[in-house]
Structures are given as structure tokens and as C-alpha cells.
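In my numbering, the protein residues as written are 12 to 112.
What follows is a set of notes on a single structure, which appears directly below.
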């Protein structure tokens with residue numbers, strides 16, 4: 012079992028990053044770990060239990076797919092891309108209740 016107080020962020024190297032960027036990567040690393048390592052979407056949760064769970068699963072799938080296709084070639088990123096990242100972070104925060112396995 013891995014320690015619960017260490018988060019390895021696969022999408023960042025050991026170079027310097029501003030904390031707003033680290034926050035984005037850390038939050039979506041948590042989502043990725045839940046989906047990939049803890050089988051969040053196919054594990055113990057009954058995603059068909061009610062409308063709230065069905066909507067949460069759909070949102071988790073959308074956020075996970077967005078992160079998997081996320082590209083950071085334009086650092087510093089454009090204002091438009093920065094706002095998109097902010098919106099995705101907000102969406103993730105709104106469903107953080109569903110990030111348990």
C-alpha cells in the first residue's frame with residue numbers, strides 16, 4: 012500500500028512550476044489515480060443508484076477524458092486555455108464527493 016500523504020504527479024517533471032499549474036496537475040492526478048488505480052468507474056460504487064450518481068459518473072468520465080487529451084504545449088498558456096482549465100477544476104471540485112472507492 013502506498014503512503015496516503017504522497018502524491019506523484021505523472022504529468023510534471025522535476026523542474027520548477029508555478030503553484031497554479033501544480034494545483035491543476037495535482038487535482039487531475041487525484042482523479043486519474045482514482046480512475047486508473049482504484050477503479051473508480053468500474054469498482055464498488057453503484058453509479059446507477061440514482062440520478063445524482065449517474066450524472067456524477069458522466070461528469071467524471073468527461074473530466075477524465077478531457078485531462079487525458081490535455082496538451083500543455085503553450086506555456087505560458089493563453090488566457091482562453093487558462094479559463095478552460097479553471098472551469099474544469101471547478102467542475103471537478105463540484106463532484107469531489109464522488110472520488111471515493
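Cβ coordinates follow ideal geometry from the N, Cα and C atoms, glycine included.
Can the beta-carbon of residue 112 be found less than 8 Å from the beta-carbon of residue 38? no
When you measure from the CB of residue 79 to every non-hydrogen atom of the ligand GDP, does any distance come out below 7 Å? For the structure depicted, the ligand GDP is absent and the ligand set is empty, with no information on it obtainable.
Are the region 90-99 and the region 46-59 in contact at 8 Å, needing three or more beta carbon pairs? no
Just to confirm my understanding: we take residue 105, look at its own chain, exclude 5 residues before and 5 after, and list those with CB closer than 7 Å. What are they? none
Quick one: complete alpha helix (DSSP H) runs, 4+ long, within the region 13-78? Counting only runs of 4 or more, we get 30-47.
Which whole-angstrom value is the C-beta distance of residue 71 and residue 109, which I expect to be below 8 Å? Residue 71 to residue 109, Cβ: 6 Å. Contact.
Is it the case that the Cβ atoms of residue 52 and residue 68 are separated by a distance below 8 Å? yes
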